[in-house]
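A.B. asks:
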Amino acid sequence: MVTQAFQNLIKEQQFWQPAEKVVVATSTGVDSMVLLQLLTQLPMGLKPTIIVAHVNHELRAESTTEETYLRQYCEQQQLTLKVAHWPANAHPTTGIEAAARQFRYHFFESVMQTTGAKVLLTAHHGDDQLETLVMKLIRSGELHEMRGIQVSRPFGPGQLVRPLLPFSKAMLRDFATQQAIRFFEDETNESLTVLRNRVRHQIVPQLKQENPQIIQNANRFSTRLSAVLAVQNDWAMTVVKLMVRHKAQTELVGDLTIVQQFTPVQQRLIWQQLWRTEYPGLPALKSNQLTELIQFTNQQAKPQGQIDLGHDYALMKVYDQFIIQSGSPQESVATTESAELTVNQWCSLPNTERIGVFDLEHLPQKVTSQQVIWLTSTDWPLTVQQLTGSERLAIGHEHTKSIKRLFIDLKWSQSQRQNSWGVWSQNQLIGHPQLRVSALFNQPQTGKIRYVLCCD
1 MVTQAFQNLI
11 KEQQFWQPAE
21 KVVVATSTGV
31 DSMVLLQLLT
41 QLPMGLKPTI
51 IVAHVNHELR
61 AESTTEETYL
71 RQYCEQQQLT
81 LKVAHWPANA
91 HPTTGIEAAA
101 RQFRYHFFES
111 VMQTTGAKVL
121 LTAHHGDDQL
131 ETLVMKLIRS
141 GELHEMRGIQ
151 VSRPFGPGQL
161 VRPLLPFSKA
171 MLRDFATQQA
181 IRFFEDETNE
191 SLTVLRNRVR
201 HQIVPQLKQE
211 NPQIIQNANR
221 FSTRLSAVLA
231 VQNDWAMTVV
241 KLMVRHKAQT
251 ELVGDLTIVQ
261 QFTPVQQRLI
271 WQQLWRTEYP
281 GLPALKSNQL
291 TELIQFTNQQ
301 AKPQGQIDLG
311 HDYALMKVYD
321 QFIIQSGSPQ
331 ESVATTESAE
341 LTVNQWCSLP
351 NTERIGVFDL
361 EHLPQKVTSQ
371 QVIWLTSTDW
381 PLTVQQLTGS
391 ERLAIGHEHT
401 KSIKRLFIDL
411 KWSQSQRQNS
421 WGVWSQNQLI
431 GHPQLRVSAL
441 FNQPQTGKIR
451 YVLCCD
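All residue numbers for the sequence shown refer to full-length UniProt numbering, where the first residue is 1 and numbers rise by one.
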């Protein structure tokens with residue numbers, strides 16, 4: 001029954017081409033030894049070229065015996081064997097299970113690369129699927145974590161495939177007995193100090209008693225949830241692309257009005273998708289973080305502020321914009337330094353901005369913003385100085401407005417205000433391309449020459 005079902009699955013799914021190299025992760029436990037047996041029994045039209053990959057973790061006295069047996073088995077079956085040792089002196093004092101897994105999969109990937117194989121096979125089965133779903137539910141219940149184990153997913157230079165997911169542990173054990181397959185038991189799998197073992201030995205048997213078809217149900221749930229999440233993620237990714245305006249090494253700037261159009265439930269999906277996409281090496285945002293983030297970004301009474309996202313990241317809200325930054329925010333230091341402008345040349349400012357005055361023949365092709373100004377020869381030289389907010393700019397022949405008021409009107413953040421610079425002619429403020437140009441310099445007059453004030 002298992003043999004035929006396995007052959008039908010391989011024929012239907014076509015995980016590999018006949019004779020194609022596949023790496024088989026093998027521990028000498030019943031699951032991986034059954035997988036090896038099923039692979040060697042495949043007809044030539046379905047059979048791959050098998051490369052066995054084994055890790056001796058040096059955690060148990062039996063590890064040497066298991067490695068010796070596997071070497072003999074592969075020699076008898078004429079299978080290529082690759083072995084790696086995880087030295088005992090490299091074992092961490094805590095988190096050894098996660099470290100062992102990391103070592104294993106790093107080794108499996110290296111075997112794929114050195115042999116040219118594009119497929120890695122592991123012996124995860126239906127009981128593993130059910131255990132994983134129960135554990136995810138116990139730990140968080142977050143929808144994106146409830147997909148369980150996928151039959152196939154990208155890994156290293158190719159795909160990681162789990163062809164035994166449709167089969168229960170009992171089916172594999174029965175097959176091993178019928179085929180007289182030798183395998184080794186890992187006694188650590190019996191310890192109830194480990195959550196997975198408690199789920200395996202105490203919870204899963206009761207679930208099977210309630211419904212013998214629960215493993216099939218678990219696989220069906222995982223497959224269908226994955227399909228739903230794929231559609232959901234595509235939608236959320238479309239919104240994320242509309243939100244993000246600018247990305248740099250330590251900063252991401254986006255439009256809050258885009259995400260604020262959606263319901264709080266939808267906003268959770270969007271923010272989680274943005275985080276996974278832009279910061280793939282970091283853990284997903286926790287439920288309470290998302291709740292706090294959504295409340296903060298939708299709070300109309302507080303147009304500016306900052307919220308901690310963890311992992312040395314923070315999100316700043318600046319009116320309709322959000323800025324995600326890494327590292328501790330630094331305070332801007334005011335300076336009275338100034339620099340003289342030369343026509344048709346950029347001047348670099350301490351805030352990483354460039355500013356310059358250009359005639360029409362030398363106008364840069366790419367600028368962030370620009371304003372036309374009219375100057376006489378007596379208006380030169382022009383200088384750039386940092387603005388304090390107390391300056392006043394002529395907005396008409398008889399009216400002026402404070403720079404501080406303009407900052408508020410334009411909804412500039414505190415950081416922008418503290419790092420803003422203006423262009424001056426002697427004691428007269430001309431302005432800034434992103435701010436405003438003084439009425440004394442924005443109108444053509446006899447004897448004045450047209451220039452363009454640009455920033456980038």
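The beta-carbon is built from N, C-alpha and C at its ideal position, and this holds for glycine as well. Values in this document were obtained by computation on a predicted structure and should not be read as measured data.
With a CB to CB cut of under 6 angstroms and the five nearest residues on each side skipped, what residues in its chain are close to residue 457?
C.D. replies: The question about residue 457 has no answer here: the residues shown for the chain are numbered 1 through 456.
A.B. asks: Check this for me: beta carbons of I355 and V423, under 8 angstroms apart or not?
C.D. replies: Walking along the sequence shown from the start, residue 355 turns up at place 355. Walking along the sequence shown from the start, residue 423 turns up at place 423. Yes, they are a contact pair.
A.B. asks: Taking Cβ to Cβ, would you say L121 is nearer than 8 angstroms to M112?
C.D. replies: Your numbering for residue 121 matches position 121 in the sequence shown. Your numbering for residue 112 matches position 112 in the sequence shown. Result no, Cβ atoms of L121 and M112 do not sit closer than 8 angstroms.
A.B. asks: What's the call for S402, buried or exposed, on a 16-neighbour Cβ count within 10 Å?
C.D. replies: Here residue 402 refers to the residue found at position 402 of the sequence shown. Flag for S402 reads exposed.
A.B. asks: What residue range is occupied by the uninterrupted alpha helix (DSSP H) comprising V30?
C.D. replies: As a first step, residue 30 must be located in the sequence shown, where it is residue number 30. Start and end: V30 to T40.
A.B. asks: My output table needs one value for F262: the three-state DSSP class, helix, strand or coil.
C.D. replies: Position 262 of the sequence shown holds residue 262. In the three-state DSSP reduction, F262 falls in the coil class, being neither helix nor strand.
A.B. asks: Quick check on the DSSP output: the beta strand (DSSP E) that includes D308 runs from which residue to which?
C.D. replies: Taking the first residue of the sequence shown as position 1, residue 308 is located at position 308. Q304 to G310 is the span of the beta strand (DSSP E), which, as asked, contains D308.
A.B. asks: Count the other CB atoms, across all protein chains shown, that sit within 10 Å of the CB of A334; report buried if there are 16 or more and exposed otherwise.
C.D. replies: In the sequence shown, residue 334 corresponds to position 334, counting from 1. The predicted model places A334 with a pLDDT of 33, which falls under 50 and marks its position as unreliable; any figure quoted below should be read in that light. Per the 10 Å Cβ criterion, exposed.
A.B. asks: Does the count of Cβ pairs from the stretch 90-106 and the stretch 49-67 closer than 8 angstroms reach three?
C.D. replies: yes
A.B. asks: Which runs of the alpha helix (DSSP H) spanning at least 4 residues fall entirely within the stretch 215-276, listed in chain order?
C.D. replies: List check, alpha helix (DSSP H) in window: 256-259.
A.B. asks: So G158 and I215 are in contact, right, with Cβ under 8 angstroms, and what is the actual spacing, rounded?
C.D. replies: For this step, residue 158 is matched to residue 158 along the sequence shown. For this step, residue 215 is matched to residue 215 along the sequence shown. So it is not a contact: roughly 27 angstroms between Cβ atoms.
A.B. asks: Would the beta-carbon of R436 fall within 8 angstroms of that of L387?
C.D. replies: Taking the first residue of the sequence shown as 1, we reach residue 436 at position 436. Taking the first residue of the sequence shown as 1, we reach residue 387 at position 387. Not a contact, by the Cβ cut-off of 8 angstroms.
A.B. asks: Answer with buried or exposed for D31, where buried requires no fewer than 16 other C-beta atoms within 10 angstroms of its C-beta.
C.D. replies: Numbered from its first residue, the sequence shown carries residue 31 at position 31. That one is buried.
A.B. asks: For N8 and F15, what's the separation of their Cα atoms in angstroms?
C.D. replies: Position 8 of the sequence shown holds residue 8. Position 15 of the sequence shown holds residue 15. If you take the alpha carbons of N8 and F15, they lie about 12 angstroms apart.
A.B. asks: Kindly indicate which residue of T376, K404, T114 and W275 has the alpha-carbon position closest to the one of Q445.
C.D. replies: Mapped onto the sequence shown, residue 445 falls at position 445. When only C-alpha atoms are compared, the closest one is T376.
A.B. asks: Helix, strand or coil, according to DSSP, for Y105 in the structure here?
C.D. replies: For the purposes of this step, residue 105 is taken as the residue at position 105 of the sequence shown. The answer is helix: DSSP assigns Y105 an H, G or I state.
A.B. asks: Candidates Q78, A99 and A227: which alpha carbon is nearest P87's?
C.D. replies: Here the question's residue 87 lines up with position 87 in the sequence shown. The shortest Cα separation from P87 among Q78, A99 and A227 belongs to A99.
A.B. asks: Checking the sheet assignment: what are the DSSP bridge partners for P154?
C.D. replies: Indexing the sequence shown from 1 puts residue 154 at position 154. For P154, which the question treats as bridged, DSSP gives the partners Q159.
A.B. asks: What's the gap between the Cα of T277 and the Cα of K241?
C.D. replies: Position 277 of the sequence shown, counted from the start, is the residue given in the question as residue 277. Position 241 of the sequence shown, counted from the start, is the residue given in the question as residue 241. Each residue's alpha carbon lies about 10 angstroms from the other.
A.B. asks: Take the Cβ of Q330 as the centre, count every other Cβ of all protein chains shown within 10 Å, and call the residue buried at 16 or more, exposed below.
C.D. replies: For the purposes of this step, residue 330 is identified with residue 330 of the sequence shown, where counting begins at 1. Caution is warranted here: a pLDDT of 40 is assigned to Q330, below 50, making its placement in the model unreliable, and no coordinate value can be reported.
A.B. asks: Considering only C-alpha positions, which residue in the set T238, G305 and M135 is nearest to R147?
C.D. replies: The residue you call residue 147 lines up with position 147 of the sequence shown. Checked all of T238, G305 and M135; the closest Cα to R147 is M135.
A.B. asks: Flag K448 as yes when its Cβ comes closer than 7 angstroms to any non-hydrogen atom of the ligand GTP, and as no otherwise.
C.D. replies: As presented, the structure is devoid of all ligands, the ligand GTP included, so that no description of it is given.
A.B. asks: Assuming S369 contacts P433 under a Cβ cut-off of 8 angstroms, what Cβ separation, rounded to an integer in Å, is found between them?
C.D. replies: Your numbering for residue 369 matches position 369 in the sequence shown. Your numbering for residue 433 matches position 433 in the sequence shown. Contact flag correct, Cβ pair sits at about 4 angstroms.
A.B. asks: If we count the other Cβ atoms within 10 Å of its Cβ and call it buried at 16 or more, is M171 buried or exposed?
C.D. replies: Residue numbering aside, residue 171 sits at position 171 when the sequence shown is read from its first letter. Answer is buried; the Cβ neighbour count reaches 16.
A.B. asks: How far does the beta strand (DSSP E) with A90 in it reach, from first residue to last?
C.D. replies: Counted from its first residue, the sequence shown places residue 90 at position 90. Where A90 is concerned, there is no enclosing beta strand (DSSP E), given that its DSSP letter is neither H nor E.
A.B. asks: Considering only residues of the same chain and omitting the five flanking positions on each side of V452, which have a CB-CB separation below 8 angstroms?
C.D. replies: Within the sequence shown, the letter at position 452 stands for residue 452. The residues are V357, F358, D359, L360, L363, Q370, Q371, V372 and I373.
A.B. asks: Looking at the structure shown, is E142 part of a helix, part of a strand, or coil, going by DSSP?
C.D. replies: Along the sequence shown, one-based indexing puts residue 142 at 142. Residue state, collapsed to three classes: coil.
A.B. asks: Three Cβ pairs or more, each shorter than 8 angstroms: is that satisfied between the stretch 174-181 and the stretch 33-45?
C.D. replies: yes
A.B. asks: Comparing C-alpha positions only, which one of Q249, L309, K317 and H201 sits nearest to Q300?
C.D. replies: Position 300 of the sequence shown, counted from the first residue, corresponds to residue 300. Comparing Cα positions, the closest option is K317.
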